[in-house]
Amino acid sequence: PTSGMVVLMSGLSRRLLLGRLAVLCTPFRATASTLPAQLDHGTEKPQLQIPPLAQGWRRLYLCRHGETDWNAQSRVQGATDVALNANGREQAERLAALLADAPIDLIVSSKLLRASSTADAVAAFHPAAQRVRDARYNEMCFGSFEGQSLEAGSRVRAEYDGITKRWASGETGLALPGTEGESPDSVAARSTAALRELGLLPPLNGGKPLQCPRHICLVAHGRHNKILLAALSGDVSRCGDYQQGNTCVNVIDIAGSGEAKLLLTDFRGHLRAGPDGA
């Protein structure tokens with residue numbers, strides 16, 4: 279893994295009232311610049327290098343869906359329901375094999391087909407796990423950008439980059455253009471509300487969280503996951519700091535108090551061979 283400084287972040291997103299959350303960020307184990315999009319048919323089985331789950335904590339395996347044709351074409355999907363392509367289906371099978379030995383009790387996904395079918399592949403290895411589909415984990419609606427290509431140098435790309443820069447400067451209530459375009463704040467609000475209903479996060483009123491399994495897999499989407507990771511850090515404006523490749527795995531441990539530790543982010547070792555799965 280790349281060396282780096284361990285950063286402790288705590289606090290409350292002033293826009294979302296997320297409750298007391300703190301994230302311990304360790305160096306990234308895998309990044310988009312080091313892992314190929316295509317599959318490497320090696321023989322080594324990758325493993326997640328993570329510590330045992332501490333007593334009283336719960337573990338969230340936050341994953342992104344497999345590849346679609348629109349992903350391959352760099353087209354914006356958002357709320358548009360696009361199915362996995364052949365490469366994406368194989369990626370999903372590799373993700374499922376990676377998580378086969380994890381003691382997952384609950385498998386949750388968005389209702390969009392690309393995430394739901396990826397989660398179904400994981401669920402095939404965990405027949406006793408409860409399976410839940412919830413639209414609050416759907417991808418951010420990109421409004422009028424949906425279906426557009428984000429080709430470098432294009433007008434659409436310039437407009438999109440301008441909006442993401444404003445998000446990074448703190449304007450996370452700014453929605454994407456179009457009648458249904460969403461903002462990072464709105465996505466974070468619906469996703470964390472769904473996690474609170476699962477019992478993974480404590481209620482906003484300070485009460486005890488609901489009963490929840492200890493190991494949960496959530497399969498969702500690239501921008502959704504970036505926003506959720508940033509929300510758990512207490513600063514939604516940092517959503518652009520994260521990379522989320524197809525079928526990547528993020529591992530977050532969450533205490534009953536809402537304290538969160540980010541153990542692993544954007545892991546895609548299952549998509550290529552390597553002695554350590556990196």
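279 is the number of the first residue of the sequence shown in this note's numbering; add one for each residue after it.
We put the beta carbon where it would ideally sit given N, CA and C, even for glycine.
Contacting residues, own chain, Cβ-Cβ under 7 angstroms from residue i (five flanking each side not counted)
i           : result
residue 277 : The first residue shown for the chain is 279 and the last is 556, placing residue 277 beyond what the model contains.
residue 478 : 336, 338, 490, 494, 532
residue 450 : 293, 461, 462, 463, 514, 515
Beta-bridge pairing of residue i - partner residues as DSSP gives them
i           : result
residue 335 : 533
residue 341 : 497, 527
residue 346 : 362
residue 538 : 532
residue 514 : For residue 514, which the question treats as bridged, DSSP gives no partner whatsoever.
residue 384 : 408, 494
Proximal residues to residue i (C-beta, below 8 angstroms), its chain only, five neighbours per side dropped
i           : result
residue 408 : 383, 384, 385, 491
residue 358 : 348, 424, 425
Status (buried if at least 16 other CB within 10 Å, exposed otherwise) for residue i
i           : result
residue 540 : buried
residue 458 : exposed
residue 323 : exposed
residue 311 : Bear in mind that a pLDDT of 29 at residue 311, under 50, signals an unreliable position, so the number given afterwards is only what the model happens to contain. Residue 311 should be labelled exposed.
residue 483 : exposed
residue 480 : buried
residue 510 : buried
residue 447 : exposed
residue 488 : exposed
residue 389 : exposed
residue 443 : exposed
residue 467 : buried
Check whether residue i and residue j have beta carbons under 8 angstroms apart
i           : j           : result
residue 355 : residue 424 : yes
residue 470 : residue 369 : no
residue 371 : residue 499 : no
residue 472 : residue 414 : yes
residue 512 : residue 445 : no
residue 397 : residue 497 : yes
residue 399 : residue 373 : yes
residue 422 : residue 455 : yes
residue 465 : residue 502 : yes
Contacts around residue i, its chain only, beta-carbon distance under 6 angstroms, and the 5 residues preceding and following it disregarded
i           : result
residue 506 : 469
residue 412 : 472
residue 331 : 337
Can you list, in chain order, the stretches of the beta strand (DSSP E) that have 3 or more residues and sit fully within the segment 389 to 461?
Correct list: 408 to 411.
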